[in-house]
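Report on one structure; see the data block that follows.
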Amino acid sequence: MKKSIGNPVALYPTPLVVIGAMVDGKPNWLLVAHLGIMGHDHVMVSLAKSHYTNQGIRERKKLSINMVDQALLPKADHSGCVSGSEEDKSGLFACTMSQAGVPMVADASVVMECSVEDIYETPGFENFICTVDRTYAEENVLTPEGKIDYRAFKPVLFEMPTYEYLKTGDVIGKCKSFGEGKLG
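Residue numbers for the sequence shown, in my numbering: 907 to 1090.
What follows is the structure in structure tokens.
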């Protein structure tokens, strides 16, 4: 029998990312695990209203989503432990700039450059509805067909309420609904 455990969001674990945005003329980085897919070309990034990064996103309407793997995790974790209003995080990661002036983590294997279409506010949060303008991926995490190979990439996942980081696992089967195969 199922037991009621209140109303926690039970959709964890989620991919761990570092959001890049220009704030006061400098790149700023923020660790984020509250994001979601909104169709095939839109994502939502949910940030507490108090985050320093939000002002840069609101002003420029641009951000990067830098997927975190285990090699990036120590710096990514630090980016979420301190506010950009208290510490200059512009030099935390080696940075490249997109043609649109969006800071991207140079060592991130997968990066999405996004434009903010809308901001949806909920109590305590600003939810940035974004169009994915471009996705960049290192060749070593791509399949021969040019798709991201998550077995090679291995993004880190974040789980709440334990605040733990998890490794991605092995493939356990193909999705039957797409005619690719079946489980067991």
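In this text, a Cβ means the ideal position worked out from N, Cα and C, and glycines have one as well.
Exposure of Thr959, with buried meaning 16 or more beta-carbon neighbours within 10 Å: On the sequence shown, position 53 is the one that residue 959 refers to. So Thr959 ends up on the buried side.
C-beta contact flag for Val915 and Leu941 at 8 angstroms: What you label residue 915 is simply residue 9 of the sequence shown in a count that begins at 1. What you label residue 941 is simply residue 35 of the sequence shown in a count that begins at 1. No, the pair does not count as a contact, with Cβ atoms beyond the cut-off.
Cβ-based neighbour list, Leu1043, same chain, cut-off 6 angstroms, excluding 5 preceding and 5 following: Against the sequence shown, residue 1043 aligns to sequence position 137. It should be noted that the sequence gives Ala, not Leu, for residue 1043. Cβ within range, chain order: Val1016 and Ile1054.
Entirely enclosed alpha helix (DSSP H) segments - the stretch 1036–1075, minimum 4 residues: 1056–1059
Continuous alpha helix (DSSP H) stretch holding His984: start and end: Residue 984 sits at position 78 when you count from the first residue of the sequence shown. Where His984 is concerned, the enclosing alpha helix (DSSP H) stretches over Leu979 to Cys987.
Extent of the continuous alpha helix (DSSP H) run through Gly942: Mapped onto the sequence shown, residue 942 falls at position 36. Looking at the DSSP string, Gly942 is not in any alpha helix (DSSP H); the run it does join, the beta strand (DSSP E), is Leu941 to Ile943.
Ser985 burial status per 10 Å Cβ neighbour count (16 or more: buried): The residue you call residue 985 lines up with position 79 of the sequence shown. With 16 or more other Cβ atoms within 10 Å, it is buried.
Leu937 vs Asp983 beta-carbon contact at 8 angstroms: Counting from 1 along the sequence shown, the entry for residue 937 is found at position 31. Counting from 1 along the sequence shown, the entry for residue 983 is found at position 77. Yes, the Cβ-Cβ distance between Leu937 and Asp983 is below 8 angstroms.
Beta-carbon contacts of Ala927 that lie in its chain and below 6 angstroms, excluding the five residues immediately before and after: On the sequence shown, position 21 is the one that residue 927 refers to. Around Ala927: Asn934, Thr959, Gly962, Ile963 and Leu969.
Glu1023 vs Val1008 beta-carbon contact at 8 angstroms: In the sequence shown, residue 1023 corresponds to position 117, counting from 1. In the sequence shown, residue 1008 corresponds to position 102, counting from 1. The answer is no: Cβ separation not under 8 angstroms.
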